[in-house]
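Colleague:
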Amino acid sequence: MFATSLITKVTIIFIPFTWTIPIVNLDCDTSGYSGMYHHNTKTVYVCEWQYRGKDAYTAQFSLYHELGHYYWYTLTDSQRAEYTKEYSKAKQFYRDYGKESVGEDFSDNFAVISFKQNSNQDVMKRIRIIKKFISNSK
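Quick note: the sequence shown uses this note's numbering, first residue 41, plus one each step.
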């Protein structure tokens, strides 16, 4: 499922954070995923072909989505509960994948923030919560 070649360690500067995270090639042909995050090793796995120019937007969104999983695990229990409460009322999502779980929704919305995109009002409520967490981390 996982390729053994290490692509790189990436340093992400996302005010107020600086993260150095291993980025490892994922064999997306057999895994069925374009990316994944493993909390135990704090490692992001991505499909290397996405970073070879075939689909730059998907590659970047996948990377930031996986970084959203990383950030989710840095939140306090009360922060996760606050976001989960709003998620439980959600009727609209940035993409259908967010319906899978609160963690997938959070990670999608983290990626939306990273791209400075807007979305529908329902999603923007949850994005405002994430932005509040970020601003309180300074």
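A virtual CB, placed ideally from N, CA and C, is assigned to each residue, including glycine. Model, not experiment: these values are computed from the prediction.
(1) Could you have a look at Val163 and say whether DSSP puts it in helix, strand or coil?
(2) Taking DSSP as the reference, what is the three-state secondary structure of His79?
(3) Take the Cβ of His109 as the centre, count every other Cβ of all protein chains shown within 10 Å, and call the residue buried at 16 or more, exposed below.
(4) Would Glu106 and Gly75 be called neighbours here (beta carbons separated by less than 7 Å)?
(5) Nearest by alpha-carbon distance to Phe146: which of Gln157, Thr116 and Phe133 is it?
(6) State yes or no: is the C-beta of Asp162 within less than 7 Å of the C-beta of Ala130?
(7) Report the rounded CA-to-CA distance for Tyr77 versus Tyr104, giving the unit in angstroms.
Modeller: So, to answer that:
(1) Residue 163 sits at position 123 when you count from the first residue of the sequence shown. In the structure shown, Val163 sits in a helix (DSSP, three-state: H, G or I).
(2) Locating residue 79 in the sequence shown gives position 39, where the first residue counts as 1. His79 falls in the coil class under three-state DSSP.
(3) One-based indexing of the sequence shown puts residue 109 at position 69. By the 10 Å Cβ count, His109 comes out buried.
(4) Here residue 106 corresponds to residue number 66 of the sequence shown, with the count starting at 1. Here residue 75 corresponds to residue number 35 of the sequence shown, with the count starting at 1. Cβ atoms of Glu106 and Gly75: closer than 7 Å.
(5) Along the sequence shown, read from residue 1 onward, the residue named residue 146 stands at position 106. When only C-alpha atoms are compared, the closest one is Phe133.
(6) Numbered from 1 along the sequence shown, position 122 holds the residue referred to as residue 162. Numbered from 1 along the sequence shown, position 90 holds the residue referred to as residue 130. Contact flag set, yes.
(7) Translated into the one-based positions of the sequence shown, residue 77 becomes position 37. Translated into the one-based positions of the sequence shown, residue 104 becomes position 64. Tyr77 and Tyr104: Cα-Cα distance of roughly 11 Å.
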